[in-house]
Structure formats: C-alpha cells, structure tokens
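Read through the structure below, which is laid out as structure tokens, and then see the notes.
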Amino acid sequence: MTSTSVAPPTPAVPRQPGPGIDTDRVADLISQLLVELGEDPQRDGLAETPKRVAAWWNDFLSPDAPAATRFTESHLSGQLVVVGGMSVWSLCEHHMIPMNLQVAVGYLAEGQVVGLSKFGRVARHFAGRLQVQERYTRQVAEHLAGVIGREDVAVAVRGVHLCMSMRGVRMEDARTTTVHKGGRFLADPVLSQDFLALAAGQWGAR
Ligand SMILES: [Zn+2]
1 MTSTSVAPPT PAVPRQPGPG IDTDRVADLI SQLLVELGED PQRDGLAETP
51 KRVAAWWNDF LSPDAPAATR FTESHLSGQL VVVGGMSVWS LCEHHMIPMN
101 LQVAVGYLAE GQVVGLSKFG RVARHFAGRL QVQERYTRQV AEHLAGVIGR
151 EDVAVAVRGV HLCMSMRGVR MEDARTTTVH KGGRFLADPV LSQDFLALAA
201 GQWGAR
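Note that the UniProt record's numbering has the sequence shown beginning at 1, numbered continuously upward.
Right, dumping it as structure tokens:
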C-alpha cells in the first residue's frame, strides 16, 4: 500500500445504550431472578454467578468505539473492496437469546481506503446491544457510508438465531440473510452480484 496521509477523523458514533451499567445492581437482580427460578443463589455453584453475569453484561454492552481510519490512495477509482468472514455475537432483543452474525461489507474505494481492521470494530460495535438482525445490517451500512462519505456501501449478514433453534420452532438449520445496498450497489446489478458472490463465498459452513 502506498498510503500517504491520514484523512480527518470521522464523526463519533452516537453513544449506544448500556455501557457503564450498575453492575452491583444487576448482580442483585440476577440473584433475585435465580430465587424466582427456584434456585438457591447461595449454593456453591451459584455463589459467584450473579457477579459473573453482571460483569458479562457490562462487557457485552461496551465494545470498542469504531473510530475509522482512512488513507489517501489518489489513484483508486471505483475499486470494489469486500471484507467478509467477520463473525460477531449479539443478543436478539425479542428473547434476549444469542444470535451469531456473519458479516460481509463492501464499498467502492474512490481516492481513499478505509483501514481494514476498522470493519471488524464496526461489526462488533453494533452487535454489543440488544438487536435485531435487520436493524444491525442497516446500522453497519449507515455507519460505513458516513465513514466513506458516500452511499456506495453494501452489507450482507447471515444470522443463526438461537431463539429459532433452541426454542420456538427449533429449526437448527435455519439461516437468516439480510442485505443492505446503497448508492451504486443499488443502481448497478452487476456490482451488486459481484458483492453478493464474494460475501457468500466467505460465509463459513455454519
Ligand atoms: Zn428472537
């Protein structure tokens, strides 16, 4: 790469709900929940559980803020960049049960490239909250459009929802795919096909 200069920082992401929760209070509530579930929160195996669960919530709700770095590449024009194979865990807001999201993002590089590791941070950032896959897909796309300053962004997400496989209809093989396309990805069917082929090619067997 022949990066020469770093572009000005992009606007900060709005503060997400959750970080900085009162972990003592949450631990107390978990302890009460255990009692309601017929458990004895004092018994050996459970004694530290409320604290652990509270610490996990705090962790889950505090992923790194994705400050994006852009590098000038003045000769680049319209190059398709696809970053796939990103796997994040989130929580379905309807059931508070985990969902695993495999994420692929694509954009058109025009005179600038986005630092590749930032895509992973963005993918994690929007997963660290109560979510639905459809909104997650849109939030990642809108954030990246803000980073590159154009709408030429596509995001494809394939989700495994434990709320579908461990409860309810119990369909373990069900996969949900969501795609958000903007700008030239919407206008150009060939570009859209190229992106989807590359995105799907990086999805694991799961
Ligand atoms: Zn659900």
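Glycine is no exception: its CB is placed at the ideal position from the N, C-alpha and C atoms.
Approximately 5 angstroms separates the beta-carbon atoms of Arg121 and Asp64; this is inside 8 angstroms, confirming the contact. By the criterion of a C-beta distance shorter than 8 angstroms, Ile97 is surrounded in its chain by Leu91, His161, Leu162, Cys163, Met166, Arg167, once the five residues flanking it on both sides are discounted.
If the five residues before and after Trp57 are omitted, its C-beta is found closer than 7 angstroms to the C-beta atoms of Ile21, Val26, all from its own chain and listed in chain order.
The straight-line gap separating the alpha-carbon atoms of Leu186 and Ser192 is approximately 7 angstroms.
Under a 10 Å Cβ-count criterion, Arg129 is classified as buried, with 16 or more other Cβ atoms of the shown protein chains found around its own Cβ. Between Thr72 and Gly115, the gap from beta carbon to beta carbon reaches 9 angstroms or more. Rounded to whole angstroms, the separation of the alpha carbons of Gln112 and Gly182 is 18 angstroms. For Val53, no beta strand (DSSP E) run applies; the uninterrupted alpha helix (DSSP H) run containing it begins and ends at 49-60, by DSSP. In this structure, DSSP gives His75 an extended state, which the three-state scheme calls strand. Non-local C-beta neighbours of Gln79 in its own chain, meaning closer than 6 angstroms and more than five positions away in sequence, comprise Ala109, ordered along the chain. Exposed is the label assigned to Asp44, since fewer than 16 other Cβ atoms lie within 10 Å of its Cβ.
Distances taken from the Cβ of Met166 to the heavy atoms of ligand 1 include none shorter than 8 angstroms.
Relative to Ala104, the option among Pro50, Glu172, Val157 whose CA is nearest is Val157. Under the DSSP assignment, Thr23 falls in the alpha helix (DSSP H) whose first and last residues are 23-36. With a 10 Å radius around the Cβ and a threshold of 16 neighbouring Cβ atoms, His125 comes out buried. In the structure shown, the three-state DSSP call for Gln102 is strand. In the same chain as Trp89, and ignoring 5 residues on each side of it, the C-beta atoms closer than 7 angstroms to its own belong to Pro98, Asn100, Ala127, in chain order. With a threshold of 8 angstroms, the Cβ atom of Met99 counts as near ligand 1, since some heavy atom of the ligand is closer than that. Boundaries of the alpha helix (DSSP H) around Val190: 189-201.
His143 sits in a helix when the DSSP states are folded into three classes.
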